[in-house]
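Undergrad: Here it is, the structure in full.
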Amino acid sequence: MSILAGFMLPHPPLIVPEIGKGQEQAIQATTDAYHKAAQEIAGLKPETIVLLSPHQILYTDYFHISPGKSAVGDFAQFRAKQVSLKVFYDTEFVKVLEGLAESRDLHAGTLGEREKKLDHGTMVPLYFVNQYDTDYQLVRIGLSGFSLADHYRLGQCIRETAGMLDRKVVIIASGDLSHRLKEDGPYGYRKEGPEYDARIMDVMTRGAFGELLQFEESFCDKAAECGHRSFTIMAGAFDRTAIDVKRLSYEGPFGVGYGICTYHARGTDETRNFLEQFEASEKQRLLARQAKEDPYVKLARHTIETYIRTGKRPQVPEDLPEELYNRRAGAFVSLKEDGRLRGCIGTIAAVHNSLAEEIIHNAVSACSSDPRFSPVEPWEVERLTISVDVLGDTERISSPNELDPERYGVIVTKGGRRGLLLPNPGLPGGQRTVVHAYLTSDCLHQLWSDHLPGPGSDREKTAEKFPSGKPDSVRGKLRLQSALPFLPEP
Ligand SMILES: [Zn+2]
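Everything in the sequence shown is counted per the numbering used here, starting at 757 for the first residue and increasing by one.
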């Protein structure tokens, strides 16, 4: 048995007395639990600690693993420079893990280090561990913008690496819970904050790791959690493993949730193959969803399947609704995978002879030549959520109040530059704020909107044109926001 145990640990800097200067007394239960967890870790005498930190450098499409032989860190950022520590990395483990991840098509490795110094997501857990044990090597891994399933897969790679090297490994999943538990907390109050904490503590207390994969990204965003992906990587490291679970503590007096649970491996349990179970149910869900796709989306999906299989654009099929042959209009084809944008290309006005051709051309571009993404791979096609927006005639508007991002798209034009935002009924609150911020900004001097009923009531889209200083960055900002919520500590 190579993964001995795992620990869900928070990282509030003020729990360190030199930083808290008395404030730490408000989270005494967390401190007590932390000492208990650190003693358990020392008792296991791990050769390697794999630490997952949300405050290590983060990429949307890469898991960063700290390179090199060693690193140091201190709490200077929190006015306690005197508290410092040094770690030695398990370079052999890192090398094997990198190779294994690559063979599984998971982008992970030691490239792109921006900050060699240890982050506080690493420092706080090790501050406690080192009081009882310093005789270990560290593997330090950051989170990514990949799906939760991919975080689980990375955990499976960690598990296999530990097995291949016959290392005695302890996993530390560093992560705070919601940052929105209280009005006077760092990010204010939102009902999703306490909801997230209750749900995650329930899941983690039962060791019901499969349920981690079912948390919706938008719910996690609203709750402003920090550690969910750390916990999910740890879950992957316990794939098919029986565990003893203990919940040691939960507190949140400063508006941020801190939970501590411990997991000790107790042999194999083939029924805990959570990723496999998740993928099977996802497949059912995807098939059911595809069956309900409208003719526009069906055409886009047929196009993408054909193009990826043969490298050729399909002919316009003969069984489409009339308006797809008779009408000309701009159209956008958007692809999402696991809730994340995977490609989106379109035309603001018609450039082809029919709407069908417009959709076919844009579907090919969306899956093969969106400059922001690599081309869609054959295995991804069935996982894609495809949407097709048909643009109506533009109509000028004179005030941001006429704009409703839930119903209308927006076209921003200034000089020769143009930016576009598709109507989005599911737009998270934060993104709506971005749109409104642009609309009310000083550089706004002309505002347009589109009004053109589409062939079905749900296709009635309105695009509104308005000039903005940075029209392209409207979309840029939206992408960034949806990539991953990232929170500085209070
Ligand atoms: Zn954090």
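Heads up, the beta-carbon is just placed ideally off N, CA and C, and yes, glycines get one too.
Comparing C-alpha positions only, which one of Val1137, Tyr1014, Arg870, Leu933 sits nearest to Arg1057?
TA: Measuring from the Cα of Arg1057, the nearest candidate turns out to be Val1137.
Undergrad: Is there contact between the segment 1042-1055 and the segment 1137-1150, where contact requires at least three CB pairs shorter than 8 Å?
TA: As far as the Cβ criterion goes, the segment 1042-1055 touches the segment 1137-1150, which means the pair count is three or higher.
Undergrad: In this structure, what does DSSP give as the bridge partners for Lys1002?
TA: Looking at the DSSP assignment, Lys1002 forms a beta bridge with Thr1018.
Undergrad: Touching or not, the segment 766-777 and the segment 868-881, by the rule of three or more beta carbon pairs under 8 Å?
TA: With the cut-off at 8 Å, the segment 766-777 and the segment 868-881 touch.
Undergrad: Less than 8 Å between the beta carbons of Phe819 and Ile759, yes or no?
TA: The answer is no: Cβ separation not under 8 Å.
Undergrad: Note down, in chain order, each residue of its chain lying with its Cβ closer than 7 Å to the Cβ of Gln1033, except the 5 sequence neighbours on either side.
TA: For Gln1033, where only same-chain residues beyond five positions count, the Cβ hits under 7 Å are Gly966.
Undergrad: Tell whether a beta-carbon distance below 8 Å holds between Gly901 and Asp932.
TA: Cβ distance not < 8 Å, so Gly901 and Asp932 don't count as in contact.
Undergrad: So is the beta-carbon of Asp995 under 7 Å away from any non-hydrogen atom of ligand 1?
TA: Incorrect: Asp995 has no Cβ contact closer than 7 Å to ligand 1.
Undergrad: Check whether the Cβ of His907 lies closer than 7 Å to any heavy atom of ligand 1, and answer yes or no.
TA: Flag unset: Cβ of His907 not near ligand 1.
Undergrad: Just verifying my parser: in three-state terms, what is the DSSP assignment at Tyr943?
TA: It is coil, neither helix nor strand.
Undergrad: Considering only C-alpha positions, which residue in the set Ser822, Gln779, Ala836 is nearest to Lys872?
TA: With distances taken between Cα atoms, Lys872 lies closest to Ser822.
Undergrad: Taking only the alpha-carbon atoms, compute the straight-line gap between Gly1225 and Thr1150 and give it to the nearest angstrom.
TA: Summary for Gly1225: the model assigns pLDDT 18, below 50, so the residue's position carries little reliability; its value from the coordinates is reported in the next sentence. Each residue's Cα considered, the two are about 20 Å apart.
Undergrad: Between the Cα of Thr961 and those of Ser1005, Lys947, Gly1011, spot the shortest distance and give me the residue it belongs to.
TA: Out of Ser1005, Lys947, Gly1011, Ser1005 has the C-alpha closest to the C-alpha of Thr961.
Undergrad: Buried or exposed: where does Thr804 fall if 16 or more other Cβ atoms within 10 Å of its Cβ makes it buried?
TA: It counts as buried.
Undergrad: Quick check: does the Cβ of His767 come within less than 7 Å of any heavy atom belonging to ligand 1?
TA: Yes, the beta carbon of His767 sits closer than 7 Å to at least one heavy atom of ligand 1.
Undergrad: I think Val850 touches Thr866, with their Cβ atoms under 8 Å apart; what is that distance to the nearest whole Å?
TA: Contact flag correct, Cβ pair sits at about 6 Å.
Undergrad: What does the Cβ neighbour count give for Gly762, buried or exposed, with the cut at 16 atoms within 10 Å?
TA: With 16 or more Cβ atoms within 10 Å of its Cβ, Gly762 is classed as buried.
Undergrad: Among Leu1091, Glu1074, Arg1084, Pro1070, which has the Cα closest to the Cα of Asn1109?
TA: Here the closest residue by C-alpha is Arg1084.
Undergrad: The alpha helix (DSSP H) that contains Phe884, what's its start and end?
TA: That run of the alpha helix (DSSP H) goes 876-885.
Undergrad: Buried or exposed: Ser809, going by 16 or more other Cβ atoms within 10 Å of its Cβ?
TA: With 16 or more other Cβ atoms within 10 Å, it is buried.
Undergrad: Taking only the alpha-carbon atoms, compute the straight-line gap between Pro1134 and Leu899 and give it to the nearest angstrom.
TA: Each residue's alpha carbon lies about 26 Å from the other.
Undergrad: Kindly indicate which three-state DSSP category Gly1265 falls into: helix, strand or coil?
TA: A question about residue 1265 goes unanswered here, because the residues of the chain that appear run from 757 up to 1246.
Undergrad: Which residue comes first and which comes last in the alpha helix (DSSP H) that contains Asp788?
TA: It spans 784-800 - the alpha helix (DSSP H) in which Asp788 sits, taken as one unbroken run.
Undergrad: With a threshold of 7 Å, establish whether the CB of Gly877 neighbours any heavy atom of ligand 1.
TA: Gly877: yes, Cβ under 7 Å from ligand 1.
Undergrad: In the structure shown, what three-state DSSP assignment does Gly1148 receive?
TA: Three-state DSSP puts Gly1148 in coil, outside helix and strand.
Undergrad: Ligand 1 and His863: does any heavy atom of the ligand fall closer than 7 Å to the residue's C-beta?
TA: Checking the Cβ of His863 against ligand 1 gives no.
Undergrad: In the structure shown, what three-state DSSP assignment does Tyr888 receive?
TA: Note: Tyr888 maps to coil in three-state DSSP.
Undergrad: Would you call the CB atoms of Asp958 and Ser934 closer than 8 Å?
TA: Cβ atoms of Asp958 and Ser934: not closer than 8 Å.
Undergrad: Since Ile1016 and Tyr815 are thought to touch, with beta carbons under 8 Å apart, how far apart are those beta carbons, to the nearest angstrom?
TA: Actually they are not in contact, since the Cβ atoms of Ile1016 and Tyr815 sit about 28 Å apart, beyond 8 Å.
Undergrad: Looking at Val885 and Val839, is the spacing between their C-beta atoms short of 8 Å?
TA: Not a contact, by the Cβ cut-off of 8 Å.
Undergrad: What residue range does the alpha helix (DSSP H) around Leu894 cover?
TA: First-last for Leu894: 893-898, but that is the beta strand (DSSP E), not the alpha helix (DSSP H).
Undergrad: Check whether the Cβ of His1108 sits closer than 7 Å to any heavy atom of ligand 1, and report yes or no.
TA: It does not: the Cβ of His1108 is nowhere closer than 7 Å to a heavy atom of ligand 1.
Undergrad: Lys1092 by DSSP, collapsed to three states: which one?
TA: The answer is strand: DSSP assigns Lys1092 an E or B state.
Undergrad: On a CA-only basis, which of Gly992, Thr1024, Leu910, Leu894 is nearest Ser859? Give me that one, please.
TA: Per the Cα distances, Leu910.
Undergrad: Taking C-alpha atoms, which residue in Arg1128, Gly1013, Leu1076, Tyr845 lies nearest to Arg936?
TA: Closest by alpha carbon: Gly1013.
Undergrad: Under the criterion of a Cβ to heavy atom distance below 7 Å, does Cys976 qualify as lining ligand 1?
TA: Checking the Cβ of Cys976 against ligand 1 gives no.
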